[in-house]
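K.L.:
The structure's right below; bear with me while I get my questions together.
In our numbering, the protein residues as written are 1 to 111.
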């Protein structure tokens, strides 16, 4: 593992900073963990745009394709991303959620 990367490219350091920021007790334990880079058949070296897609693909591959578990994780991640204070459309998202939750359950649909 290359430990001489600029801090913004060192994913472990960035992740630990995030855990420390949210005061998560796991940061200290994780800081001592060894990293292992898995060799995945679909891994690329040039595409730096689709990292979220790659993460989702890795989850599907690594977790054995348990559709309910993966779907639940997707909902969880989407909800977290949409609720971030960095989201410039947060007010719109909150308004849409408010409208949606006021509808009767049978009218909400699955999408």
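For each residue, glycine too, the CB sits at the ideal point set by N, CA and C.
Alpha carbon to alpha carbon, how far is residue 29 from residue 109? Give it in angstroms, no decimals.
P.N.:
Locating residue 109 in the chain shown gives position 109, where the first residue counts as 1. Locating residue 29 in the chain shown gives position 29, where the first residue counts as 1. Residue 109 and residue 29: Cα-Cα distance of roughly 42 Å.
K.L.:
Starting from residue 97 and walking both ways along the alpha helix (DSSP H), at which residues does that stretch end?
P.N.:
By one-based count along the chain shown, residue 97 stands at place 97. 90–102 is the extent of the alpha helix (DSSP H) around residue 97.
K.L.:
Tell me where the alpha helix (DSSP H) around residue 29 begins and ends.
P.N.:
For the purposes of this step, residue 29 is taken as the residue at position 29 of the chain shown. Its alpha helix (DSSP H) spans residues 26–31.
K.L.:
Can you name the start and end residues of the alpha helix (DSSP H) that residue 20 belongs to?
P.N.:
Here the question's residue 20 lines up with position 20 in the chain shown. Element bounds for residue 20: 11–21.
K.L.:
What's the C-alpha gap between residue 22 and residue 15?
P.N.:
Locating residue 22 in the chain shown gives position 22, where the first residue counts as 1. Locating residue 15 in the chain shown gives position 15, where the first residue counts as 1. So the two alpha carbons sit approximately 11 Å from each other.
K.L.:
In angstroms with no decimal places, state the Cα-to-Cα distance between residue 86 and residue 107.
P.N.:
The residue you call residue 86 lines up with position 86 of the chain shown. The residue you call residue 107 lines up with position 107 of the chain shown. The alpha-carbon atoms of residue 86 and residue 107 are separated by roughly 31 Å.
K.L.:
Under the assumption that residue 12 contacts residue 35 (Cβ atoms under 8 Å), give the Cβ distance between them as a whole number of angstroms.
P.N.:
Stepping through the chain shown from its first residue, residue 12 is reached at position 12. Stepping through the chain shown from its first residue, residue 35 is reached at position 35. Confirmed, Cβ separation roughly 6 Å.
K.L.:
What first and last residue would you give for the alpha helix (DSSP H) that runs through residue 108?
P.N.:
Along the chain shown, read from residue 1 onward, the residue named residue 108 stands at position 108. Residues 105–108.
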